[in-house]
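Same order as they appear, the protein sequences are chains E and D.
Here the first sequence is numbered in this note's numbering, starting from 7 and rising by one per residue.
Here the second sequence is numbered in this note's numbering, starting from 125 and rising by one per residue.
From the three backbone atoms N, C-alpha and C, an ideal C-beta is built for every residue, glycine too.
Structure first, commentary second.
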Amino acid sequence: ETGVTQSPTHLIKTRGQQVTLRCSSQSGHNTVSWYQQALGQGPQFIFQYYREEENGRGNFPPRFSGLQFPNYSSELNVNALELDDSALYLCASSSHSSGRRNEQFFGPGTRLTVL
Amino acid sequence: AQRVTQPEKLLSVFKGAPVELKCNYSYSGSPELFWYVQYSRQRLQLLLRHISRESIKGFTADLNKGETSFHLKKPFAQEEDSAMYYCALSSGAGSYQLTFGKGTKLSVIP
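Given below as structure tokens:
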């Protein structure tokens with residue numbers, strides 16, 4: 007069984023730039039959720055993708071967008087980067103069709119630094 | 125709105141002492157509660173969920189709806205329990221998004 011993978015591991019951008027983060031879900035999982043974890047905070051829900059459509063969104067502005075592909079992998083795109091976007095971005099996968107759909111498996115994260 | 129509060133940022137206990145990590149939540153419906161753990165240099169992983177009523181690595185947690193709490197307990201702490209612990213809540217419907225607390229760092233002193 008392959009776990010959740012994320013790329014890249016680290017990324018440095020400047021204010022105003024755009025960034026794309028990638029996530030491959032665990033085998034057998036069809037749902038991907040994205041979280042932002044600022045330093046000293048718990049993860050905060052950004053949005054979730056199921057069947058290639060957004061299936062729930064947290065309190066994040068529209069410049070945070072995403073995609074899910076037919077193989078269930080996903081991308082998180084952030085436009086017009088701000089300093090406060092510096093954080094660890096976590097991807098989590100789960101199986102929407104199982105009785106344990108709440109059980110989310112996390113990737114190692116991508117550390118984004120905005121200068 | 126749903127909220128999870130972990131009042132302790134850091135908890136230090138001696139090896140062999142009992143551990144209790146506190147978690148309180150606010151949610152108007154019937155939530156599902158979880159504890160996640162992150163060991164040093166490892167990814168966030170599920171420790172236990174209230175529905176399963178399991179004991180994992182000696183840890184247990186009971187959902188107290190009256191007190192809106194889901195405290196994590198272990199009778200005898202081990203050095204390998206040192207980690208960051210996050211309590212999380214899911215509405216149990218819709219996107220099943222998780223709302224996390226800020227976390228408690230547990231340090232077990234040998």
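- Of the candidates E:Tyr78, E:Phe70, E:Gly113 and E:Thr11, E:Phe70 places its Cα closest to the Cα of isoleucine 52 of chain E.
- Taking serine 206 of chain D as the centre and dropping the five residues before and after it, the same chain places the C-beta of Leu230, Ser231 and Val232 closer than 7 Å to its C-beta, in chain order.
- Per DSSP, reduced to three states, the secondary structure at leucine 87 of chain E is coil, with no helix or strand assignment.
- With a cut-off of 8 Å on Cβ pairs, the region 22–39 of chain E is in contact with the region 78–85 of chain E, counting three or more such pairs.
- When D:Gln202, D:Lys197, D:Gln166 and D:Tyr163 are compared, the shortest CA-CA separation from glutamate 178 of chain D is found for D:Lys197.
- Rounded to whole angstroms, glycine 72 of chain E and proline 114 of chain E show a C-alpha spacing of 19 Å.
- Closer than 7 Å at the C-beta level to chain D, one finds these residues of the region 20–41 of chain E: Ser39.
- When rounded, the separation of the alpha-carbon atoms in leucine 118 of chain E and tyrosine 41 of chain E is 13 Å.
- When CB distances to chain D are screened at a threshold of 8 Å, the residues of the region 64–93 of chain E falling below it are Gly64, in chain order.
- Under the three-state reduction of DSSP, glutamate 59 of chain E is assigned to strand.
- Counted as a single uninterrupted DSSP element, the beta strand (DSSP E) harbouring histidine 16 of chain E occupies residues 16–19.
- Here DSSP, grouped into helix, strand and coil, assigns glutamate 203 of chain D to helix.
- With its beta carbon at least 7 Å from every one in chain E, arginine 177 of chain D lies outside the interface.
- Contact of leucine 96 of chain E with chain D by beta-carbon distance below 9 Å involves Arg167 and Leu168.
- Proximity of chain D to proline 49 of chain E at the Cβ level (cut-off 7 Å) is accounted for by Phe224, in chain order.
- Per DSSP, the unbroken beta strand (DSSP E) holding arginine 28 of chain E starts and ends at 25–30.
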